[in-house]
Amino acid sequence: MATSSSVPAASHALAILRYLAAQAGPVPAAAIARDLRLPRSSVYHLLAVLEQDGFAVHLPEERRYGLGVSAFELGSAYSRQAPLARLARPVLARLVDTVHESAHLAVLHGREVLYVVEERARGRPPLVSDVGVRLPAQLTASGRAILAELPRAQVRALFPSTDAFVERHGAGPTTPSALRSLLVDVRRTGYATEHGEVTPGFASVAVAVSDHTGHPVAGLAITFPTDDDMPDGAAWAAYAAAAGRAAATLRARIGGRTPEAGVRSGSSRS
1 MATSSSVPAA
11 SHALAILRYL
21 AAQAGPVPAA
31 AIARDLRLPR
41 SSVYHLLAVL
51 EQDGFAVHLP
61 EERRYGLGVS
71 AFELGSAYSR
81 QAPLARLARP
91 VLARLVDTVH
101 ESAHLAVLHG
111 REVLYVVEER
121 ARGRPPLVSD
131 VGVRLPAQLT
141 ASGRAILAEL
151 PRAQVRALFP
161 STDAFVERHG
171 AGPTTPSALR
181 SLLVDVRRTG
191 YATEHGEVTP
201 GFASVAVAVS
211 DHTGHPVAGL
221 AITFPTDDDM
231 PDGAAWAAYA
241 AAAGRAAATL
251 RARIGGRTPE
261 AGVRSGSSRS
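Structure representation (structure tokens):
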């Protein structure tokens, strides 16, 4: 059983690990103590324990600390267990039962989205977005939902010039400025859409799912046939509301939170 003294120590050790993970590189112990408002003696003690177990590494020449190989192994184990996909499947299954259209979950992989969960509605047409399929992020509703929540610098790095854009059916943004404009609309409405840009005759609505830091880890989308007719505003809104409720459920299941309002408004986003 945990004692009253061991629980705060464990909490502080986890806080240090999260802090190290959020930095661009190794940092001094004094910075950790200052930013986390912890006593320096406690920080040095906890860093020594973390270093002993491989979760932190000390760079003596630089007098800094960074993440150790054990932290990498934990991250790799998380990926192997695929908890995001496991937690998403029942949420998507309920969503499909509600809207009677197909739904999927995709994650960002470079300038593409990778589909990790696909729930097909009975009797609906087949889709290109199967598990393991990759598609250009700027063309998909899922990708747009994720990109709209990323920092401006990250979006610029992913799409620095026209050479970074891939076309499928002659539609969608093909320049950084066009993508920026599109992402502004996504943030304004709270959801992303695409119509015929992935597959003619189909449209999608997507909402981002954020982790405990507010970072978008996935896009949750509903895809439906349109017979090439643009869906009316009521249809977009209804599907967006259903996707939003499912995304909120999944966000709660993974312990996530909604990004801060100031960040979502675009003050530090693309």
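Under the UniProt record's numbering, residues 1 to 270 are what the sequence shown spells out, in order. For every residue, glycine included, the Cβ atom is placed at its ideal position computed from N, Cα and C. This one's a predicted model, so the numbers in the text were calculated from it and none came from an experiment.
Item: For L95, does the count of other Cβ atoms within 10 angstroms reach 16, so buried, or fall short, so exposed?; Value: buried
Item: Between R257, L47, G68 and I222, which has its C-alpha nearest S129's C-alpha?; Value: I222
Item: Name the two residues that bound the continuous alpha helix (DSSP H) containing I222.; Value: No alpha helix (DSSP H) holds I222; the beta strand (DSSP E) holding it covers P216 to P225.
Item: Would A247 and V186 qualify as a contact pair, given that the criterion is a beta-carbon distance under 9 Å?; Value: no
Item: Note down, in chain order, each residue of its chain lying with its Cβ closer than 6 Å to the Cβ of Y239, except the 5 sequence neighbours on either side.; Value: V205 and I222
Item: Rounded to the nearest angstrom, what separates G262 and A178 at their Cα positions?; Value: Confidence is the limiting factor: at G262 the pLDDT is only 40, short of 50, which leaves the residue's position unreliable and the question unanswerable from this model.
Item: According to the Cβ coordinates, are Y115 and L108 closer than 9 Å?; Value: no
Item: Look at the alpha carbon of A218 and the alpha carbon of L250, and state the distance between them as a whole number of angstroms.; Value: 10 Å
Item: Whole angstroms are fine: how far does the CA of G68 sit from the CA of D35?; Value: 20 Å
Item: Alpha carbon to alpha carbon, how far is P176 from P160? Give it in angstroms, no decimals.; Value: 7 Å
Item: What's the gap between the Cα of L87 and the Cα of R257?; Value: 16 Å
Item: Is the Cβ-Cβ distance between G244 and H212 less than 9 Å?; Value: no
Item: Can the beta-carbon of G196 be found less than 9 Å from the beta-carbon of A171?; Value: yes
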